[in-house]
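Participant:
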Amino acid sequence: MSTTVTASRVGFGRTLHAEWIKLRSLRSTWYTLACLFAVGLGITALSSNSAGQAWETATEADRLAWDPTGRSLTAYIVAQLIVGVLGILVVTSEYATGLMGTTLTAMPRRTRVLAAKVALATVIAVVAGEILMFGSFLIGQPLMARQGVPTAELGDPGVLSAVVAGGLYLGAIALLAIGLGVIMRATAGALATLVGIVFLVPAVAGIFPSWLEGLFNFWPTLGGSAALSTVPDPDFPHPWLNLGGMCVGVAAVLVAAFVAFRRRDI
700 MSTTVTASRV GFGRTLHAEW IKLRSLRSTW YTLACLFAVG LGITALSSNS AGQAWETATE
760 ADRLAWDPTG RSLTAYIVAQ LIVGVLGILV VTSEYATGLM GTTLTAMPRR TRVLAAKVAL
820 ATVIAVVAGE ILMFGSFLIG QPLMARQGVP TAELGDPGVL SAVVAGGLYL GAIALLAIGL
880 GVIMRATAGA LATLVGIVFL VPAVAGIFPS WLEGLFNFWP TLGGSAALST VPDPDFPHPW
940 LNLGGMCVGV AAVLVAAFVA FRRRDI
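Residues 700 to 965 in my numbering are what the sequence shown spells out, letter by letter.
1. Evaluate G839 with the Cβ neighbour count: other Cβ atoms within 10 Å of its Cβ, from every protein chain shown; 16 or more gives buried, anything less gives exposed.
2. Once you ignore the five residues that flank A876 on each side, which residues in its own chain have a CB closer than 6 Å to its CB?
3. Does the segment 853–871 come into contact with the segment 787–800, if we say contact requires no fewer than three beta-carbon pairs (one atom in each stretch) closer than 8 Å?
4. Decide if V826 is buried, meaning its Cβ has at least 16 other Cβ atoms within 10 Å, or exposed.
5. Could you say which of A818, F836 and D932 lies nearest to F711 if we only look at CA atoms?
6. Label G922 either buried or exposed according to how many other C-beta atoms from any shown protein chain fall within 10 Å of its C-beta, with 16 as the threshold for buried.
7. The alpha helix (DSSP H) spanning W729 covers which residue range?
8. Helix, strand or coil for D766? Go by DSSP, reduced to three states.
9. Judging by CA-CA distance, which residue of A889, A764, I882 and T920 is the nearest neighbour of P933?
10. Let me know the secondary structure DSSP gives D761 once reduced to three states.
11. Would you decide whether P849 is buried or exposed? Buried here means 16 or more other CB atoms lie within 10 Å of its CB.
12. Expressed to the nearest angstrom, what Euclidean distance is found between the alpha-carbon atoms of L780 and A744?
13. Could you tell me the boundaries of the alpha helix (DSSP H) in which G870 lies?
14. Among the candidates E829, L813 and A950, whose CA atom is the shortest distance from the CA of E718?
15. Using a threshold of 8 Å, state whether the C-beta atoms of G960 and V900 are closer than that.
16. Between the beta-carbon of M806 and the beta-carbon of T714, is there less than 8 Å?
17. Of all the options R963, V903 and L874, which has the alpha carbon lying nearest to the alpha carbon of C946?
18. Taking the C-alpha atoms as reference points, what is the distance between G751 and L831?
19. Starting from the N-terminal side, write out each stretch of the alpha helix (DSSP H) that is 4 residues or longer and does not extend beyond the segment 793–836.
20. Identify, in the order they occur along the chain, each residue of the same chain with its Cβ nearer than 7 Å to the Cβ of L842, setting aside the five sequence neighbours on each side.
21. Just the C-alpha distance for V952 and T758, rounded to the nearest angstrom, thanks.
22. For F960, which residues does DSSP report across the bridge?
23. Using only the alpha-carbon positions, how far apart do R723 and G865 sit?
24. Taking only the alpha-carbon atoms, compute the straight-line gap between A926 and T804 and give it to the nearest angstrom.
25. Determine whether the Cβ of Y794 lies closer than 8 Å to any Cβ atom of chain D.
26. Cβ of S835 within 8 Å of Cβ of A774?
Dropping the structure here:
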């Protein structure tokens, strides 16, 4: 029995190593990560530099709800799309080149192949996401301090958890993107669906009647992103619970992806 378990572990380790070689050999991987940090930190700098003007024109109610942590983490809005592209390409790049057939011939155990891709993408997305969120916070706060507006420190209540939540949120988006990529097997289709989930549905929520608009409070990405703030949102009183609910939804998409991956010809 121990021999079987050891062989299984070695087998998955080799699969993981093979997937890592493929992933790091793709230029798109490094271009996407470079874009993630360049765009994300650039947005942080722009948002933080405009904090002084926003503070001067803010009403008393706006100042009471001022959230310097959340303002410095606004990079996540665009970062989630870039991380999503990375997650999609982990799968669809092989479908586009025909390499998926070769991969499955060399490793017939499809569940193991997809599990290796998911594991790699999770580690890369979470690590990159956390680096981006901590970098955004550490860059944004000094820029806001120079303008004389209230700032925050990592030791302040709720700040560290909000920054960490940002990286976890981006990791969940990457996993959602992988699931969509497996189900649709096309970069364009998976990306369009991801944009609809992350951007389009939250954007159009306000045009619906009030009784229907309340249903959007349960939309996963809206609730999940509330965890990146230190100021309580009355619509999402339990942001970490919302983030957990978002992860459950992502897990459901991944289960569907595993089922589809096992049953299809390629």
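We put the CB at the ideal spot given by N, CA and C, even for glycine.
Facilitator: Inspection of the coordinates gives the following:
1. Burial is judged here by how many other beta carbons sit within 10 angstroms of a residue's own beta carbon; G839 has at least 16 and is buried.
2. G783, G786, I787 and L893
3. no
4. exposed
5. Here the closest residue by C-alpha is A818.
6. buried
7. R726 to N748
8. In the three-state reduction of the DSSP assignment, D766 falls in the coil class.
9. When only C-alpha atoms are compared, the closest one is A764.
10. helix
11. Looking at its Cβ environment, which holds fewer than 16 other Cβ atoms inside 10 Å, P849 is exposed.
12. As the crow flies, the alpha-carbon of L780 is around 19 Å from that of A744.
13. V858 to M883
14. L813
15. Here the sequence assigns Phe to residue 960, which means Gly is not the residue at that position. Not a contact, by the Cβ cut-off of 8 Å.
16. yes
17. L874
18. Their Cα atoms are separated by approximately 23 Å.
19. 798–805
20. A744, S747 and N748
21. 42 Å
22. Paired residue(s): none; F960 is not in a bridge.
23. 24 Å
24. Whole-angstrom Cα-Cα distance: 43 Å.
25. As a matter of chain content, chain D is missing from the structure shown, which is built from one protein chain.
26. Cβ atoms of S835 and A774: closer than 8 Å.
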